[in-house]
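Numbering (this note's numbering), first residue to last: 4 to 431.
Quick look at the structure:
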């Protein structure tokens, strides 16, 4: 029979572990402040170099970026690239959900693996909790390699809240796809018992030196998942100048501290806007620093701020309620907020002054900015910004505007749900 001192020691240890878990889950967010806006124009060389230095990323010229709007477009482009692979396929995803869509991808990946192509896949262990090795057997038996990021094991408990939310596909080191869409039927077609409409999302096909940096980001999570360094020159070929886009790949890995490169990127661009800020995000939970920066942009510089968030088809009710709780300061300052009506909107796009675009896996919430591994493409390219602005304008037409008066009169039931959402806000 255990002695009383031993039992007390056990309970002290359990209490300590629970306290540490609570602090890890609900630690106060890091404030981000930009002392003063940049004196240089957003299209100037000093601004470009300063932003790339803050982001810890290399600025590349001559890239070609194609905007792929919605699953019926980007999935076909990704499958076509995989089937044309001659050397390697590297895929990383937070969600790879069993279904018709992933069956098509498994078939394409397995066919390439049987042909001797190096197929290496990283899946997040939590996002892909229901994706078993049995389901992945066709790819594994064909010679493909699949690793799970931070599987739920006792030795991973200190990092259990750090997930890879990155969505990357790199083929032959020359063609890359980046964005926020995982692999599941709800991105491809109507889904569920009630035939919910296909999610609205955007991915990006990239060619040029940017792809080499996308491969570098994949290599980081491949090492963490497999224990192997992706050291092979054929995976990192030199790029060619193929298009007008000048940009950088910004990877965030907050495992070493509280700050992240993508958070600094967003805050700096918000503080630098002179004319307009357009945000599309599925989870709009800006911290106090981001909200203050948006309000300052409106009131001090006359910036036109427009934000599109999910409407009635939001996939997480409490997240939507938490998001709506934060509208007040922005609406009062003069921001325009729209809730997308036809379907769940999952696109993650920031457009600043019609010059800069930031796209990728980062949501406008604390989990993306402070907990997850994320990856974004930040592009200085008026042509790309104009193309994204076309989608943004169409999405506004399909959205319902939220007025400050209507926001203040939201029902008590909704406010009660906001309170519950507030308790979970840092985990959204």
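Beta carbons: idealized from backbone N, C-alpha and C, even for Gly. Computed from a prediction, not measured in an experiment: that's the story for all the values here.
{"Check": "Beta carbon of residue 64 nearer than 8 Å to that of residue 208", "Outcome": "no"}
{"Check": "Endpoints, beta strand (DSSP E) assigned at residue 307", "Outcome": "307-313"}
{"Check": "Buried versus exposed, by CB contacts within 10 Å (16 or more), residue 1", "Outcome": "Nothing in the structure corresponds to residue 1, since the chain is present only between 4 and 431."}
{"Check": "Whether residue 403 touches residue 342 by CB criterion (8 Å)", "Outcome": "yes"}
{"Check": "In DSSP terms, what residue 352 is bridged to", "Outcome": "283, 362"}
{"Check": "CA-to-CA distance, residue 191 to residue 74, given in whole angstroms", "Outcome": "5 Å"}
{"Check": "Of the residues 82, 330, 182, the one placed nearest residue 293, counting alpha carbons only", "Outcome": "330"}
{"Check": "Residue 371 (DSSP reduced to helix, strand or coil)", "Outcome": "helix"}
{"Check": "Cβ-Cβ separation, residue 279 to residue 306 (assumed contact under 8 Å), whole Å", "Outcome": "6 Å"}
{"Check": "Cβ pair count under 8 Å reaching 3, the segment 86-96 against the segment 168-177", "Outcome": "yes"}
{"Check": "Boundaries (first-last residue) of the beta strand (DSSP E) holding residue 243", "Outcome": "Residue 243 -> no beta strand (DSSP E), and no H or E assigned at all."}
{"Check": "Residue 159 burial status per 10 Å Cβ neighbour count (16 or more: buried)", "Outcome": "exposed"}
{"Check": "Residue burial classification, residue 157 (beta-carbon count within 10 angstroms, cutoff 16)", "Outcome": "exposed"}
{"Check": "Outcome for residue 416 when other beta-carbon atoms lying within 10 angstroms are tallied against a minimum of 16", "Outcome": "exposed"}
{"Check": "Collapsed DSSP secondary structure at residue 301 in the structure displayed", "Outcome": "helix"}
{"Check": "Neighbourhood of residue 450 by C-beta, 8 Å cutoff - its chain only, sequence neighbours within 5 removed", "Outcome": "Coverage of the chain is limited to positions 4 through 431, which leaves residue 450 absent and any answer about it impossible."}
{"Check": "Nearest-angstrom Cα separation, counted from residue 35 out to residue 82", "Outcome": "40 Å"}
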